[in-house]
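What follows is a single structure, written as structure tokens, with notes after it.
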Amino acid sequence: MKILVLNCGSSSIKYKLFNMKSKEVLAQGGIEKIGLKGSFLKFSMPNGDKVTLEGEILEHQSGIEYILGVLTSKKYGCISSLSEIDAVGHRVVHGGEKFNKSVLITDDVLAKVVECIDLAPLHNPPNLAGINAVKELMGKDKPQVAVFDTAFHQTMPEEAYMYGIPYSLYEKYSIRRYGFHGTSHRYVSKRVCEYLGVDPQTQKIVSAHIGNGGSLAAVKYGESIDTSMGMTPVEGLLMGTRAGDVDAGVLSYVMEKEKVGPQTMSTIVNKFSGLLGISGVSSDMREIRGAVDSGNKRAELAFDMFAYRIKKYIGAYAAAMNGIDILVFTGGIGENSSETREAVCKGLEFMGITLDNEMNYKIHGDEAILSIPDSKVKVVVIPTDEEFMIASDTESIVKG
Ligand code: ADP
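So for the sequence shown, this note's numbering puts the first residue at 10; every next one is plus one.
What follows is the structure in structure tokens.
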């Protein structure tokens, strides 16, 4: 079975084509700057060579048409016709309370994803555009599957997902915590159990997905029982440009003092905060570390705040689960930044987390155990693979 996975963002489309039998990635790449000047498609050839094709790509349908054209082209392609693609799996950001697992896309599903637009106005519309484009270009009968970022966290109990604001706001507007990165947390929490040879039904796992955006999840006996992102991805950890947890009172105070409206306030906490806002240097961890090494005090503060927030959530989730067996790191920073992992784990020895720091500094992006053999809690790196998870959900749903 060949499955195409699409991740449609507001100005980008990422894709991967999988052969599910051999678990091989046949093709992968992405379009950037859709609707902007200088849009292009970049992809890897089977021999590893990278190719960039420039083109005027104004919207998602022409973007997907471009990708399908490349996949079937004589020069760059790996399939001879679109009929070789058995199904298409889509990342869909917000499923609200309507979806607790991946589903085959029907008209009814589409209508429900449309109803969730209010909860993710920047993300759900491009996801829908991708689904509609595939319908148009590959025909109504090509099976399509939606895999939601929020679905894995639908097992959170009420006390974890409700905000302490009037209940009527939940009833009126569905304001509650949903959580994101669910596909990644589901993948790494499952994969780490395979890797360690343990049964997920017996494990209390803290899954730390730390990239540009970041979230932690408490995964108890295979189910998410809490996660650090909320109704939107701005809650929780300090991130590249997002503030994470802030006293709600601060927001109204800043709006009053700076005379700004909700839109500008949202831009401040989403785009100008986090590592970037504190350091004034960059949102990128590599540049933050470079600045720390050259003695920049604000970059050092940003890094310390970043690690401290993760450490506090680990403690909170150990409390929520009445213990912790595995701490798993993933995402660009979690997989690669030894300094971050060291700073996060330092001082958690009291709860059984003891890092083998020599090992910690050796591992960049590979599956590995980073804790000493005697550590009560296993600390593990598992590179995330959301696309494979989407492909494998798509395969099992299409096969029924
Ligand atoms: P996104 O959330 O956009 O998917 P990623 O998961 O790709 O982001 O993570 C991007 C982050 O990972 C950036 O802050 C980047 O600096 C960091 N990163 C990537 N490689 C390294 C590395 N070798 N050392 C430290 N940080 C790294």
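Cβ atoms here follow ideal geometry from the backbone N, Cα and C, with glycine treated the same way.
Everything numeric in this text was worked out from a predicted model, so none of it was measured.
{"Item": "Below 8 Å between beta carbons: does that hold for L178 and L77?", "Value": "no"}
{"Item": "Grouping DSSP H, G and I as helix and E and B as strand, with all else coil, what is G304?", "Value": "coil"}
{"Item": "Just to confirm my understanding: we take T339, look at its own chain, exclude 5 residues before and 5 after, and list those with CB closer than 6 Å. What are they?", "Value": "V197, H218, I391 and T393"}
{"Item": "Exposed or buried, Q163, counting other C-beta atoms within 10 Å across all chains shown (16 or more means buried)?", "Value": "buried"}
{"Item": "Between the Cα of R195 and those of M171, S183, S224 and E167, spot the shortest distance and give me the residue it belongs to.", "Value": "S224"}
{"Item": "Skipping 5 residues on each side, what residues in its chain have a beta carbon closer than 6 Å to that of M264?", "Value": "M274"}
{"Item": "Between the segment 241-257 and the segment 271-288, are three or more C-beta pairs nearer than 8 Å?", "Value": "yes"}
{"Item": "Looking at the structure shown, is N331 part of a helix, part of a strand, or coil, going by DSSP?", "Value": "coil"}
{"Item": "Since E232 and M238 should fall inside the 8 Å C-beta cutoff, what is the C-beta to C-beta distance between them, to a whole number of angstroms?", "Value": "Incorrect: roughly 17 Å between the Cβ atoms, too far for contact."}
{"Item": "Identify whether C17 lies in helix, strand or coil by the three-state DSSP scheme.", "Value": "strand"}
{"Item": "Nearest by alpha-carbon distance to K84: which of E93, V201, H69 and L62 is it?", "Value": "L62"}
{"Item": "Assess, as a yes-or-no matter, whether the segment 110-117 is touched by the segment 38-57 under the definition of 3 or more beta carbon pairs within less than 8 Å.", "Value": "no"}
{"Item": "If you run the structure through DSSP and keep just helix, strand and coil, what is K408?", "Value": "helix"}
{"Item": "Inspect the beta-carbon positions of A311 and L336 and report whether they are closer than 8 Å.", "Value": "no"}
{"Item": "DSSP state of Y172, grouped into three classes?", "Value": "coil"}
{"Item": "With 16 other CB atoms within 10 Å as the buried threshold, where does Y187 fall?", "Value": "buried"}
{"Item": "Quick one: using the 10 Å Cβ neighbour count with 16 as the cut-off for buried, is I12 buried or exposed?", "Value": "buried"}
{"Item": "Name the DSSP bridge partner or partners of N56?", "Value": "Paired residue(s): none; N56 is not in a bridge."}
{"Item": "Just checking H373 against ligand 1 - is the residue's beta carbon closer than 7 Å to any of the ligand's heavy atoms?", "Value": "yes"}
{"Item": "Roughly how many whole angstroms lie between the Cα atoms of S48 and I372?", "Value": "35 Å"}
{"Item": "So, using beta-carbon positions, are V215 and I333 closer together than 8 Å?", "Value": "yes"}
{"Item": "Between the beta-carbon of G139 and the beta-carbon of L15, is there less than 8 Å?", "Value": "yes"}
{"Item": "If you measure from each CB to the nearest heavy atom of ligand 1 and keep those under 5 Å, what residues do you get, in chain order?", "Value": "G220, N221, G222, D293, M294, R295, G340, G341, I342, N345 and S346"}
{"Item": "Can you tell me whether DSSP reads L50 as helix, strand or coil?", "Value": "strand"}
{"Item": "Which residue marks the beginning of the beta strand (DSSP E) containing L119, and which one marks its end?", "Value": "From DSSP, L119 is part of no beta strand (DSSP E) but of the alpha helix (DSSP H) over D116 to E124."}
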